[in-house]
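Chains as they are written, first to last, in our numbering: chain A, 1 to 243; chain B, 244 to 486. Glycine residues also receive a C-beta, built at the ideal position from the N, C-alpha and C atoms.
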């Protein structure tokens, strides 16, 4: 009952309209029921055409003000459009709440690993729906029931470093509740929820690398159960005891 | 270049003074250079005797006050002793900064999976040193150079669920810096640090389960480089843009 994480490399750039299910199936071994396919959000966003050419963007006065330390006002304009609110700002570095409810640097707007200097990649519009679509496409081709996770690498409060994090989930649990379970000593565990989808996303990030073309990974042997969405992983600030 | 995560199960309770290196070697395949052994903090703490019998604890007036909602004042007393400061409190639920600098619920003091109703397990006193000792013991027995991570499952701000997290690191990088690296499109990645040790801890947590006796996991095939400590993963509040 070991777990295996296989990189699913893809040759060349992922184009708008790319068939991600086909790319996953070409890159890896035949799928088995219970496999979990983790895709980088960037692969999903590119396939969904969630790319903006900054040369088409006219920055607002606010974006121009935020860019005064040397940031690109056009990129900041895109970040503001992708945001429900700016949580914190230091110069042109913005921590934003996205329209989905994720709190992350630059609202997830990313300039690295894009096919051109003036192109930025946004987060998918609805990453849970993206995961569900890819899952259905994999089921249609193979008859296999797998889980799909769309992952981003995100910073977090209190600790240094970014970490693979689930932003879209389908066919695999997001949170596993241990409430009411009994440990080997007969002690009843209090309500504890494990962020399984985030652990799977973090595990997959170990094979993604930032520099090679590995936009997806296959996790085999994780004894999954249940179903969930990435929305379940978002904790609203008013219910947060940490901050 | 896939990664494999093997559970290392142990029969019976881990006693004070237990030889964790021997338990790891008995439970798994022969080690290879570059393997990463992840141990739960609870296994490490038990072996190090970091267990408190609550029947020996006299709660302070502050602990009695914090326990007014039905918490155990003796356990809260232990939590306060393990804490540098209380970050937040809701009734008897305390988010604390431990003496190490970790910010976590109950200063990491845990009552589940202990061999008796009145026993609580503390975090190791110096988890980086614990990891280094276990690493040296594994090297002494096998001649292999491996990484060792001591992991806890911790909650975090902004997102629901606890997550395998590195609290002790030896012989494997904690943070991998992508600064100055060039992506496949020639775009220079800005300073980005990936919290590799946390990703490894999260991956290992997928095989730990809370209910079976799996206190350790072996991660094989992760192309590690460098060395680090868990202290590098702690971000001081005054340098935190998130909160």
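Between the options, which has its C-alpha nearest residue i's C-alpha?
i	options	result
residue 448 of chain B	B:280, B:293, B:373, B:268	B:280
residue 81 of chain A	A:40, A:57, A:68	A:57
residue 357 of chain B	B:296, B:479, B:282	B:296
residue 255 of chain B	B:387, B:244, B:289	B:289
residue 392 of chain B	B:270, B:278, B:363	B:278
residue 227 of chain A	A:175, A:216, A:209	A:175
residue 438 of chain B	A:153, A:225, A:214	A:153
residue 240 of chain A	B:370, B:298, B:399, B:388	B:399
residue 64 of chain A	A:92, A:88, A:39, A:85	A:92
residue 444 of chain B	B:475, B:459, B:328	B:459
residue 59 of chain A	A:74, A:49, A:48, A:68	A:74
residue 494 of chain B	B:260, B:368, B:276, B:259	No answer is possible for residue 494 of chain B: the residues shown for chain B start at 244 and end at 486.
residue 269 of chain B	B:381, B:479, B:248, B:365	B:381
residue 468 of chain B	B:304, B:390, B:346, B:329	B:390
residue 192 of chain A	A:177, A:199, A:198	A:177
residue 104 of chain A	A:116, A:117, A:86, A:121	A:86
residue 151 of chain A	A:102, A:72, A:70, A:116	A:102
residue 359 of chain B	B:244, B:261, B:257	B:257
residue 55 of chain A	A:76, A:88, A:22, A:18	A:76
residue 481 of chain B	A:90, A:61, A:123	A:90
residue 259 of chain B	B:364, B:315, B:244	B:364
residue 88 of chain A	A:72, A:70, A:66	A:66
Flag this pair as yes or no: are the beta carbons of residue i and residue j separated by less than 9 Å?
i	j	result
residue 287 of chain B	residue 321 of chain B	no
residue 414 of chain B	residue 383 of chain B	no
residue 3 of chain A	residue 222 of chain A	yes
residue 284 of chain B	residue 410 of chain B	yes
residue 401 of chain B	residue 242 of chain A	yes
residue 127 of chain A	residue 99 of chain A	no
residue 244 of chain A	residue 24 of chain A	No statement about residue 244 of chain A is possible, as the shown extent of chain A runs from 1 to 243 and does not include it.
residue 160 of chain A	residue 354 of chain B	no
residue 412 of chain B	residue 362 of chain B	no
residue 368 of chain B	residue 291 of chain B	yes
Name the DSSP beta bridge partners of residue i, please?
i	result
residue 250 of chain B	B:460
residue 147 of chain A	A:36
residue 103 of chain A	A:97
residue 262 of chain B	Answer by DSSP bridge pairing: none, since residue 262 of chain B is not bridged.
residue 353 of chain B	B:364
residue 194 of chain A	A:176, B:405
Measure the beta-carbon distance from residue i to residue j and round it to whole angstroms, keeping in mind my assumption that it falls under 8 Å.
i	j	result
residue 349 of chain B	residue 340 of chain B	About 12 Å; that fails the 8 Å criterion.
residue 214 of chain A	residue 9 of chain A	5 Å
residue 282 of chain B	residue 263 of chain B	6 Å
residue 203 of chain A	residue 442 of chain B	7 Å
residue 385 of chain B	residue 274 of chain B	5 Å
Hey, which unbroken runs of the beta strand (DSSP E) at 3 residues or more fall wholly within the segment 269 to 341 of chain B? 279 to 283, 294 to 296, 326 to 333, 336 to 341
Taking the runs of the beta strand (DSSP E) that are 3 residues or longer, which of them lie wholly in the segment 448 to 485 of chain B? 459 to 463
Residue ranges of each beta strand (DSSP E) run of no fewer than 3 residues wholly in the segment 118 to 178 of chain A, ordered along the chain? 119 to 121, 147 to 156, 159 to 170
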